[in-house]
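Numbering (our numbering), first residue to last: 32 to 381.
Quick look at the structure:
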């Protein structure tokens, strides 16, 4: 799908939903727009080689160094997600290509989802629903399993400790929701000043204390080489056997074989996973088959409102670049010097 102009924008997917508005939106900007599904890096390179801007969903169509080094005139790679670990930031920076994300997209949705998973673990919502579908009822002769196995594992949230790994936008949005249930909240984030947490009534703690004290540990950090598999066998050994792990961030934080062993051996009570590594997971995954694992199929981000927002933001970022302005949500500001050397001075964004 093309709109002829001197500034070329590409999308390595077929148009659908909100992205179906792109031809009209980029046409109004005077940009050429091409969308084409790309099943391989080679197809991606063929599509984007002479593009000025690339829009992608990084978790579905990553942008590795191989692709970036083939981009001949690219100025901007705009990811329609918060996370950008699927884009080779170092390679983009070396070539003076700006990378943007949508940092405040789906904040409410993901924090709502994390709170829902906390409640599901605490009140055993999934297990109770499954028991009812098997013909059981709590206060009846058919409810022996509910009475003897499910009810004893249920807890009140009041007074329980929520541990937050990472204290960015989503974690901060989760705080008042958890405090509405009178939970104690602690957080570990070496990149956020402790006073920021304290101002929200959250106690900043070190990594070891976070693991040791959390009744519910919710992950809201950035996935980096340093944080990959940070939830490993050693981490699970420090956690309470009654604790629950909540992951609505990235599957790569968790060593899934270690998590499986901890859950199977009773060293961890439950895990509620919106994300896995890899995705989609193996349908025969022993981890997801466990009764004390809830999985929600990477859905925490979604609502019609968030979907519209994540596709709208790249249009605004492309428009800024076309006007000679810096994009607003640049994740690699180190690239600006090389960008300026090639493309000239830029104004602050409006």
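C-beta atoms are modelled at their ideal positions from N, C-alpha and C, and glycine is treated no differently. These figures come from a predicted structure and were not determined experimentally.
Going by C-alpha distance, which of 173, 209, 74 and 39 is nearest residue 247? The residue labelled residue 247 in the question sits at position 216 within the chain shown. Nearest C-alpha to residue 247: 209.
Is DSSP giving residue 138 helix, strand or coil here? Along the chain shown, read from residue 1 onward, the residue named residue 138 stands at position 107. Residue 138: helix per DSSP, three-state reduction.
Straight-line gap, residue 310 to residue 230 (C-alpha atoms, nearest Å): Taking the first residue of the chain shown as position 1, residue 310 is located at position 279. Taking the first residue of the chain shown as position 1, residue 230 is located at position 199. Distance between the alpha carbons of residue 310 and residue 230 is about 37 Å.
Bridge partner(s) assigned by DSSP for residue 42: Position 11 of the chain shown, counted from the first residue, corresponds to residue 42. According to DSSP, which records beta bridges pairwise, residue 42 is partnered with 66.
Exposed or buried, residue 47, counting other C-beta atoms within 10 Å across all chains shown (16 or more means buried)? In the chain shown, the residue the question calls residue 47 occupies position 16. With fewer than 16 Cβ atoms within 10 Å of its Cβ, residue 47 is classed as exposed.
Let me check understanding here. Comparing Cα to Cα, which of 293, 57, 347 and 221 lies closest to residue 262? Mapped onto the chain shown, residue 262 falls at position 231. Checking every option, the nearest Cα to that of residue 262 belongs to 293.
What are the start and end residues of each continuous alpha helix (DSSP H) run of 4 or more residues lying completely inside the region 256–331, in chain order? 264–269, 287–295 and 317–320
If you follow the alpha helix (DSSP H) that residue 199 is in, where does it begin and where does it stop? The count along the chain shown starts at 1 and reaches residue 199 at position 168. Where residue 199 is concerned, there is no enclosing alpha helix (DSSP H), given that its DSSP letter is neither H nor E.
Bridge-paired residues (DSSP) for residue 107: As a first step, residue 107 is located in the chain shown; it is residue number 76 there, counting from the start. DSSP, once it has assigned bridges, lists 84 and 129 as partnering residue 107.
Could you check if residue 32 is buried or exposed, using at least 16 other CB atoms within 10 Å of its CB as the buried criterion? Along the chain shown, read from residue 1 onward, the residue named residue 32 stands at position 1. Because residue 32 sits at a pLDDT of 37, beneath the cut-off of 50, its placement in the model cannot be relied upon, and the following sentence gives the value as read from the coordinates. Flag for residue 32 reads exposed.
Buried/exposed call for residue 84, threshold 16 Cβ in 10 Å: For this step, residue 84 is matched to residue 53 along the chain shown. Buried, since its Cβ has 16 or more Cβ neighbours within 10 Å.
Looking only at C-alpha atoms, which of 51, 39, 50 and 301 sits nearest to residue 185? Here the question's residue 185 lines up with position 154 in the chain shown. When only C-alpha atoms are compared, the closest one is 301.
Under a three-way DSSP split, which group does residue 248 fall into? Within the chain shown, residue 248 is the residue found at index 217, counting from 1. Note: residue 248 maps to strand in three-state DSSP.
Quick check on DSSP: helix, strand or coil for residue 155? The residue labelled residue 155 in the question sits at position 124 within the chain shown. Three-state DSSP puts residue 155 in coil, outside helix and strand.
Bridge partners of residue 164, per DSSP? Start at 1 with the first residue of the chain shown, and residue 164 comes out as number 133. Note: residue 164 sits in no beta bridge, so no partner.
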